[in-house]
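> Read in order, the letters of the sequence shown are residues 9 to 259 in my numbering.
Take this structure first; my questions come after.
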Amino acid sequence: MARRALIAGNWKMYKTPAEAVEYARAFLPLVAGVSDRDIMIAPPYPALDAVAAALRGSGVGLGAQDLFWEDEGAFTGQVSPRMLCAVGCRYAIIGHSERRQFFGETDETVNRKVRAAVAAGLIPVMCVGESERERDAGQTFSILDKQVKGGLKNFVAEQVSSLVVAYEPVWAIGTGKTATSAQAQEAHRFIRSLIETLLGSQTAAGIRILYGGSVKPENITELMAMPDIDGGLVGGASLKPESFAKIVRFK
Ligand code: PGA
Numbered sequence: 009m010a011r012r013a014l015i016a017g018n019w020k021m022y023k024t025p026a027e028a029v030e031y032a033r034a035f036l037p038l039v040a041g042v043s044d045r046d047i048m049i050a051p052p053y054p055a056l057d058a059v060a061a062a063l064r065g066s067g068v069g070l071g072a073q074d075l076f077w078e079d080e081g082a083f084t085g086q087v088s089p090r091m092l093c094a095v096g097c098r099y100a101i102i103g104h105s106e107r108r109q110f111f112g113e114t115d116e117t118v119n120r121k122v123r124a125a126v127a128a129g130l131i132p133v134m135c136v137g138e139s140e141r142e143r144d145a146g147q148t149f150s151i152l153d154k155q156v157k158g159g160l161k162n163f164v165a166e167q168v169s170s171l172v173v174a175y176e177p178v179w180a181i182g183t184g185k186t187a188t189s190a191q192a193q194e195a196h197r198f199i200r201s202l203i204e205t206l207l208g209s210q211t212a213a214g215i216r217i218l219y220g221g222s223v224k225p226e227n228i229t230e231l232m233a234m235p236d237i238d239g240g241l242v243g244g245a246s247l248k249p250e251s252f253a254k255i256v257r258f259k
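See below:
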């Protein structure tokens, strides 16, 4: 089954609303006419509304970098899926390794968040990946097994047809060390086979698995040539319109 490529930019904690709008104005002409792949940008919360307005009509999707699983309530500091939909989000990144590392995210909270995203009609981009220590200890596959099974616990196939998984080896994030395309393909293949076991072959064949970790204009083409790599989740190189547009336009 042909899967449509998705190139997603995760801006992390960068850009004010004004900087984000300036970016959008520069970026959109650079990707004008790109219609055979999906593009997503995930700005920080305060910039979502302004970026939604700047992207309107462009076909570039808006994403959040996280969400909370309740609709509303006394949860200081949290943002609900409903609120994200209301400002125009179509995607939500969930379980990024920085959230796991610094903000106590676990497979269980990831599971609740994926469930809430799906219920609200958002496309979850569920992030998984091993640390350098885990890879060196030969635990890459057992970590991926635990994170994928934990994140997708108690789901049935119909609920996750829109799901996107991002494989992001922690040692490759922001370090300039990219996994080789063969290392990434091996992990993606493993994740797809896990999803097949959990949710069936049709679902596994349709789910997009993005690679993340030092994706750049120079390495995207080689990564995208791999059969199980369906896109990229791009941090640092998504912060400049020119480099992100080059990645989007991979051949
Ligand atoms: P990077 O970040 O592209 O800066 O390595 C990727 C990510 O954390 O999603």
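Idealized CB from N, CA, C, for every residue including glycine.
Might you give, ordered along the chain, the residues of its own chain that have their beta carbon closer than 6 Å to the beta carbon of Val-126, omitting 5 neighbours on each side?
Gln-167
> Less than 8 Å between the C-beta atoms of Leu-218 and Val-164, yes or no?
For Leu-218 and Val-164, no; Cβs fall outside 8 Å.
> Please list, in chain order, all residues of the same chain as Ile-237 whose beta carbon is under 8 Å from its beta carbon, the five residues on each side excluded.
For Ile-237, same chain residues with a beta-carbon under 8 Å away, outside a window of 5 residues either side, are Ser-189, Ala-192, Gln-193, His-196, Ile-217, Leu-218, Tyr-219, Leu-231 in chain order.
> Would you list the residues sitting across from Leu-38 in a DSSP beta bridge?
DSSP lists no partner for Leu-38.
> Should His-104 be counted as a contact of the ligand PGA given a C-beta to heavy atom distance under 7 Å?
yes
> Can you have a look at Gly-243 and say buried or exposed, based on whether 16 or more other CB atoms are within 10 angstroms of its CB?
buried
> Considering Gly-137, what are the terminal residues of the alpha helix (DSSP H) in which it resides?
Premise fails: Gly-137 is in no alpha helix (DSSP H) and is neither H nor E.
> Within the segment 164-200, note down every full beta strand (DSSP E) run reaching 3 residues or more, in order along the chain.
Segments of the beta strand (DSSP E) lying fully in the segment 164-200: 172-175.
> Helix, strand or coil: how does DSSP classify Gly-239 here?
strand
> Please list, in chain order, all residues with a C-beta atom less than 6 Å from at least one heavy atom of the ligand PGA.
Asn-18, Glu-176, Ile-181, Gly-182, Gly-220, Gly-221, Ser-222, Val-223, Leu-241, Val-242, Gly-243, Gly-244, Ala-245
> Can you confirm whether the segment 175-186 touches the segment 104-112 when touching is taken to mean that 3 or more C-beta pairs between the two stretches lie within less than 8 Å?
Touching, yes, given that three or more Cβ pairs across the two stretches are closer than 8 Å.
> So, using beta-carbon positions, are Gln-86 and Pro-52 closer together than 8 Å?
no
> Among all the DSSP beta bridges, which residues are the ones paired with Arg-216?
Arg-216 is bridged by DSSP to Val-172.
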